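*Asks:* Take this structure first; my questions come after.
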Amino acid sequence: EVPPIDADFYDISDRLTTDEREIQLKVRAFMEKEIALIVNEYWLHDSFPHEIIPKIAELNICGINYEGYGCAGKSSLLEGIIACELARVDASIATFFGVQSGLCMGSIYRCGSEEQKQEWLPKLQKFEKIGAFGLTEPEVGSGAAGGLTTTCEKTENGWKLNGQKKWIGNATFADIVIIWARDVADNQVKGFIVRTETPGFSVEKIKDKMALRIVQNGLITLTNCMIDEKDRLQNANSFKDTTKVLQATRAGVAWMAVGCARGAYENALAYTTQREQFGKPIAAFQLIQNHLVEMLSNLTAMQTMVFRLSELQDADKLKDEHASLAKVFCTMRTRDIVSRAREVMGGNGILLEYNVARFLADAEAIYSYEGTKEINSLIVGRSITGFSAFV
Ligand code: FAD
């Protein structure tokens with residue numbers, strides 16, 4: 059008899075409160091019932107299932123670890139668990155959610171004024187408005203800290219924004235985008251809540267991606283886009299404030315990587331117990347078991363790492379280097395896990411209908427966004443050596 063698949067080998071769920079566990083299972087049930095069966099089709103057609111947005115809103119999980127403004131004020135651990143559950147079924151849906159909850163709402167929650175929080179967070183929390191986050195540019199990715207070329211200039215009529223932003227998730231249908239731009243007066247990075255109907259704002263969908271195909275990434279062009287002072291993030295005064303947002307979202311991406319790895323592992327394990335060759339299930343072969351155990355050991359190390367990461371976050375002790383280390387390690391190990399998952403499934407591993415192919419492709423994007431392996435490694439390297447090796 060085949061034992062049930064339990065990818066939570068060290069029973070991390072046992073450390074959750076009853077409330078956290080209930081929410082975890084609610085999200086899992088939703089993803090398995092509403093999302094699992096439709097994602098391959100949407101992935102294939104490079105399109106987004108807009109009909110699921112009200113259903114995700116109903117779960118009431120957006121901005122779950124923020125206090126006030128319609129948010130539930132629960133733990134960052136729960137926020138991580140949710141990211142993991144979403145990505146366990148589909149990393150694109152997890153990314154859509156992460157952009158809304160972590161990057162967009164997080165920017166307003168951490169860098170906005172009281173009025174800005176009151177104006178936007180309740181609507182974003184309920185998905186009545188959709189948000190995006192624009193930091194990366196066509197010519198500036200890793201070097202965003204000192205190199206942003208999008209400019210903001212204070213004029214009599216407000217702020218004038220000019221430049222381009224590339225890769226911006228949710229941008230094609232967002233109501234607002236947080237735009238990060240360099241002030242021509244003091245050279246500091248400032249943030250703006252830009253309404254997408256503003257004259258001078260345009261967006262073009264980035265087509266033909268081979269990863270996270272459900273996520274609608276856009277190339278934004280800002281041409282003399284005029285933004286009121288009231289829509290400038292009042293507490294974003296330099297790139298240091300941007301990194302406050304990224305610290306939390308990188309922790310979230312580490313959790314997403316765990317979810318992506320877990321989904322691939324579970325699919326692969328189930329497959330190996332059913333697929334027979336040489337007269338027995340391939341799971342009975344030593345070399346296959348070795349793959350499965352290597353996958354599970356990495357997955358378990360990742361799970362314990364992000365669990366502790368969230369404990370640090372909940373104790374207000376999280377540092378950039380903690381989040382970066384987890385982002386590097388988990389996305390790196392996920393790449394290994396999804397590729398082994400593909401391997402033990404033979405030819406079927408590359409067919410979308412067997413699910414693992416999607417995880418394999420999506421892991422590539424997760425590996426590179428929110429700071430590549432190199433950039434996050436350099437953040438950790440700077441912290442442990444005292445030397446900055448960025449330039
Ligand atoms: P580059 O910066 O050009 O890097 C290329 C290579 O050079 C990488 O391997 C990098 O690690 C390496 N490298 C660069 N500098 C150094 C150095 N000093 N030392 C060693 N190696 C170095 N951005 C947003 O603002 N909003 C979004 O919503 C968003 N969503 C995304 C979704 C997807 C699917 C993808 C792929 C990207 C998204 N991004 C988004 C952008 C993402 O954050 C960038 O792709 C990422 O930061 C890397 O930048 P780059 O692609 O320009 O690569």
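In terms of the UniProt record's numbering, the sequence shown is residues 59 to 449.
Each residue gets a CB set at the ideal place from its N, CA and C atoms; glycine is no exception.
Remember, it's a predicted structure, so these values are computed and weren't measured experimentally.
1) Expressed to the nearest angstrom, what Euclidean distance is found between the alpha-carbon atoms of Leu206 and Leu277?
2) Quick one: grab the DSSP three-state call for Arg271.
3) Would you mind sorting Val396 into buried or exposed? The rule is 16 or more other CB atoms within 10 Å of its CB.
4) Tell me the start and end of each unbroken alpha helix (DSSP H) in the UniProt domain "Acyl-CoA oxidase/dehydrogenase middle" (190-283) that is at least 4 residues and wholly inside, in chain order.
5) Compare the C-alpha of Gln82 against each of Leu144, Asn123, Tyr100 and Ile96 and name the closest.
6) Relative to the C-alpha of Ala326, which candidate in Leu418, Thr307 and Ile251 has its C-alpha closest?
7) Exposed or buried, which one is Ile236 when buried takes at least 16 other CB atoms within 10 Å?
8) Please say whether Leu135 and Glu369 have beta carbons closer to each other than 8 angstroms?
9) Going by DSSP, what residue range makes up the alpha helix (DSSP H) through Phe297?
10) Comparing C-alpha positions only, which one of Asn220, Arg73, Leu291 and Met284 sits nearest to Lys175?
11) If you compare alpha carbons, which of Val402, Gln332, Gln335 and Ala381 is closest to Asn348?
12) Which one or two residues does DSSP pair with Cys169 in a beta bridge?
13) Let me know the secondary structure DSSP gives Cys129 once reduced to three states.
14) Helix or strand or just coil, what does DSSP make of Ile285?
15) Relative to the C-alpha of Asn295, which candidate in Val147, Ile442, Gly170 and Thr75 has its C-alpha closest?
16) Mark Glu137 as exposed unless 16 or more other C-beta atoms lie within 10 angstroms of its C-beta, in which case mark it buried.
17) Please report the distance separating the alpha-carbon of Leu74 from that of Glu80.
18) Rounded C-beta distance between Val247 and Thr281? I'm assuming under 8 angstroms.
19) Let me make sure I understand the geometry here. Which of Glu428, Ser441, Gly444 and Ile433 has the alpha-carbon closest to that of Gly192?
20) Using a Cβ distance threshold of 8 angstroms, determine whether the stretch 257-266 contacts the stretch 195-215, with at least three qualifying pairs required.
21) Please report the distance separating the alpha-carbon of Ile234 from that of Leu102.
22) Using only alpha-carbon positions, find the residue among Phe106, Val364 and Leu350 that is nearest to Val311.
23) Sort Arg400, Ser426, Val386 and Val449 by Cα distance to Val438 and report the nearest one.
24) Could you check the C-alpha separation between Ala306 and Ala381 for me, to the nearest Å?
25) Helix, strand or coil for Gln183 per DSSP?
26) Is Ile226 near the ligand NAP, going by C-beta to nearest heavy atom under 7 angstroms?
27) Can you pull the DSSP bridge partners for Lys338?
28) From the DSSP output, which residues share a beta bridge with Arg290?
29) Would you check whether the ligand FAD has a heavy atom nearer than 7 angstroms to the C-beta of Ile433?
30) Kindly provide the ranges of any alpha helix (DSSP H) runs that are 4 or more residues long and lie completely inside the stretch 81-141, ordered along the chain.
31) Determine the DSSP secondary structure at Tyr68, reduced to helix, strand or coil.
32) Specify whether the stretch 317-324 and the stretch 173-187 touch according to this definition: at least 3 beta carbon pairs, one from each stretch, less than 8 angstroms apart.
33) How many Å lie between Gly121 and Thr208 at the Cα?
34) For the ligand FAD, is there any heavy atom lying closer than 7 angstroms to the beta carbon of Glu324?
35) How about Ile93 and Ile188: are their beta carbons less than 8 angstroms apart?
36) Report whether the distance from the Cβ of Glu173 to the nearest heavy atom of the ligand FAD is below 7 angstroms.
*Replies:* For this structure:
1) Our two residues, Leu206 and Leu277, have alpha carbons roughly 15 angstroms apart in a direct line.
2) In the structure shown, the three-state DSSP call for Arg271 is coil.
3) Buried.
4) 202-205, all fully within the UniProt domain "Acyl-CoA oxidase/dehydrogenase middle" (190-283).
5) With distances taken between Cα atoms, Gln82 lies closest to Leu144.
6) For Ala326, the closest C-alpha among the options Leu418, Thr307 and Ile251 is that of Leu418.
7) Around the Cβ of Ile236, a 10 Å sphere holds 16 or more other Cβ atoms; the residue is buried.
8) Taking C-beta atoms as the reference points, Glu369 and Leu135 count as a pair closer than 8 angstroms.
9) In the DSSP annotation of this structure, the continuous segment of the alpha helix (DSSP H) that includes Phe297 starts and ends at Phe297 to Gln332.
10) Closest in alpha carbon position to Lys175, among Asn220, Arg73, Leu291 and Met284, is Leu291.
11) Closest by alpha carbon: Val402.
12) DSSP lists no partner for Cys169.
13) Cys129 carries a strand assignment under DSSP once its states are collapsed to helix, strand and coil.
14) Per DSSP, reduced to three states, the secondary structure at Ile285 is strand.
15) Asn295 has its Cα closest to that of Gly170, out of Val147, Ile442, Gly170 and Thr75.
16) Taking every protein chain shown into account, the CB of Glu137 has 16 or more other CB atoms within 10 angstroms, so this residue is buried.
17) Going by the C-alpha atoms only, they are around 9 angstroms apart.
18) At roughly 20 angstroms, the Cβ-Cβ gap does not stay under 8 angstroms, so Val247 and Thr281 are not in contact.
19) Nearest of Glu428, Ser441, Gly444 and Ile433 to Gly192, Cα basis: Glu428.
20) When Cβ pairs closer than 8 angstroms are counted between the two stretches, the stretch 257-266 is seen not to touch the stretch 195-215, the count staying below three.
21) Distance between the alpha carbons of Ile234 and Leu102: 27 angstroms.
22) Closest by alpha carbon: Val364.
23) Considering only alpha carbons, the answer is Val386.
24) Using only the alpha carbons, I get a separation of about 7 angstroms.
25) It is helical.
26) Annotation note on the ligand NAP: not contained in the displayed structure, which lists the ligand FAD as its ligands.
27) Lys338 pairs with Gln335.
28) Per DSSP, Phe250.
29) At least one heavy atom of the ligand FAD is nearer than 7 angstroms to the Cβ of Ile433, so yes.
30) Runs of the alpha helix (DSSP H) inside the stretch 81-141: 97-103 and 111-117.
31) Tyr68: coil per DSSP, three-state reduction.
32) The stretch 317-324, when compared against the stretch 173-187, does not touch it at the 8 angstroms Cβ threshold.
33) Here the C-alpha atom of Gly121 lies approximately 28 angstroms from the C-alpha atom of Thr208.
34) No.
35) Cβ distance not < 8 angstroms, so Ile93 and Ile188 don't count as in contact.
36) No - the ligand FAD has no heavy atom lying nearer than 7 angstroms to the Cβ of Glu173.
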